[in-house]
Amino acid sequence: MLSKNLQRKTATRRQAKISKSGKKFALILIIVLPVTYGLFNLMHLKSTATKKEDLKVEMGDRPIEKKVNIMIKADGGLNMRKDRNVNAEKVGKIPNGTKLEAKQEIEGWYFVSFDGAEGWISKEYTELADVAKVADPSADWLSFTSDAYAFSAKYPRDWSYKDYGMTLGGESLGFVAFSFSELPAAIPQGSPLFVPIEVKLSTTPQATLQAPYDTMAQKTVSELDISGAKAVKYVYTDTTDNTEKTKIFFSYKGKTYAVAENGGYGEDLDRFLKTFKLK
Numbered sequence: 005m006l007s008k009n010l011q012r013k014t015a016t017r018r019q020a021k022i023s024k025s026g027k028k029f030a031l032i033l034i035i036v037l038p039v040t041y042g043l044f045n046l047m048h049l050k051s052t053a054t055k056k057e058d059l060k061v062e063m064g065d066r067p068i069e070k071k072v073n074i075m076i077k078a079d080g081g082l083n084m085r086k087d088r089n090v091n092a093e094k095v096g097k098i099p100n101g102t103k104l105e106a107k108q109e110i111e112g113w114y115f116v117s118f119d120g121a122e123g124w125i126s127k128e129y130t131e132l133a134d135v136a137k138v139a140d141p142s143a144d145w146l147s148f149t150s151d152a153y154a155f156s157a158k159y160p161r162d163w164s165y166k167d168y169g170m171t172l173g174g175e176s177l178g179f180v181a182f183s184f185s186e187l188p189a190a191i192p193q194g195s196p197l198f199v200p201i202e203v204k205l206s207t208t209p210q211a212t213l214q215a216p217y218d219t220m221a222q223k224t225v226s227e228l229d230i231s232g233a234k235a236v237k238y239v240y241t242d243t244t245d246n247t248e249k250t251k252i253f254f255s256y257k258g259k260t261y262a263v264a265e266n267g268g269y270g271e272d273l274d275r276f277l278k279t280f281k282l283k
């Protein structure tokens, strides 16, 4: 009887011990499992966020195709650069008023092609244009080129030109006249030759040639870019015949160039200059 009671008490104690241990284990599971699950979710979210961020960066670096017709609006022309940076290497210069197609647009820059080169230009100095509706007036013009004078240009098909060569005892290095009417075989002696458009080259310094025009009362003066050269443009009234004329001066390779229209040919001169290329 005593033995049976002893066995019952021992079994009861074991039961109590097992029950206490089971409660502790259950409590540990209750604490550990949520923490482990939370850590797993946190790591998963962090991994997902990293992937999303990487994807965003990759897309942001990719240029977006966006073809658009634009026109250059920059006095003196707009530099075309190798990269989208104002300090990047220059690969060309586009004259003011030029209309062309931008192949890409990204972060305020256009990717364009001009005169055999490709590069980026700042969107800030452009405006939208419809190139399709703008016909190139010089598309069928004839070409003049001279290695000795280091320039080429185009002139209307129904015009002609005459190269009068060196004049004024060598001070003038060249004189090329462009006209819609027949030009004389030689410059008339004792009287000036006025032609619609002319290009003269001289050894005289640019400042010396400009001096008489600086003193004129009726004139407007502006700066422009001619094939990369900085030029000064005078639109003035010639008091001898009361006619408005244009004269442009710039220097290149030790020579002074004087490009002029002699009354009523301002628009023709503007179109002529768009085709003018220095060599």
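Residue numbers (the numbering used here): 5 to 283. Ideal placement from N, C-alpha and C gives every residue a C-beta, glycine not left out.
### Query
Would you say I201 reaches chain C, if we count a Cβ-Cβ gap shorter than 8 angstroms as a contact?
The structure shown contains no chain C; it is built from a single protein chain.
### Message
Along the chain, where does the alpha helix (DSSP H) containing G120 start, and where does it finish?
### Response
Counting along the chain, G120 falls outside any alpha helix (DSSP H), and DSSP gives it neither H nor E.
### Message
At the level of alpha carbons, what is the spacing between P67 and I74?
### Response
Annotation note: pLDDT 49 at P67 (below 50); position unreliable, no value reported.
#### Entry: Length of the line joining the Cα atoms of Y114 and Y153
Those two C-alpha atoms are separated by around 35 angstroms.
### Query
Tell me which same chain residues have a C-beta within less than 7 angstroms of the C-beta of K86, skipping the five on either side of it?
The answer, listed in chain order, is A92, E93, V95 and G123.
#### Entry: Simplified DSSP state of R66, which is helix, strand or coil
Caution applies to R66, whose pLDDT of 45 falls short of 50 and renders its modelled position unreliable; the model cannot decide the point.
### Query
So, is P196 buried or exposed, given that buried needs 16 or more other C-beta atoms within 10 angstroms?
exposed
### Task
State buried or exposed for F44, treating a residue as buried only when at least 16 other CB atoms are found within 10 Å of its CB.
Residue confidence for F44 is low, a pLDDT of 49 falling below 50, so the modelled location carries little weight; the figure read from the coordinates is stated next. When all chains shown are included, F44 counts as exposed.
### Query
So, helix, strand or coil for L59, using DSSP?
Low confidence applies here, because L59 scores a pLDDT of 37, under 50, leaving its location unreliable; read the following figure in that light. L59: helix per DSSP, three-state reduction.
### Task
Would you tell me roughly how many angstroms separate the C-alpha atoms of F280 and G232, rounded to the nearest one?
11 angstroms
### Query
Which of the three DSSP states, helix, strand or coil, is assigned to D274?
helix
### Continuous alpha helix (DSSP H) assignments of at least 4 residues falling wholly in the segment 234–280
Correct list: 270–278.
### Message
Taking 7 angstroms as the limit between beta carbons, can you name the residues of its chain near K257, skipping five residues before and five after?
### Response
Excluding the 5 residues flanking it on each side, K257 has same chain C-beta neighbours closer than 7 angstroms at A154, in chain order.
#### Entry: Spatial neighbours of S7 in its chain, beta-carbon cut-off 7 angstroms, leaving aside the 5 residues before and after
Because S7 sits at a pLDDT of 49, beneath the cut-off of 50, its placement in the model cannot be relied upon, and the point is left open.
### Query
What does a CB cutoff of less than 8 angstroms around K223 pick up in its chain, not counting 5 residues either side in sequence?
Y217, Y238, V239, Y240 and T241
### Query
In this structure, does DSSP put E93 in helix, strand or coil?
coil
### Message
Just verifying my parser: in three-state terms, what is the DSSP assignment at K86?
### Response
K86 sits in coil when the DSSP states are folded into three classes, being neither helix nor strand.
#### Entry: Residue(s) in a DSSP beta bridge with S150
Here S150 is bridged, per DSSP, to F155.
### Message
Whole angstroms are fine: how far does the CA of I252 sit from the CA of D79?
### Response
15 angstroms
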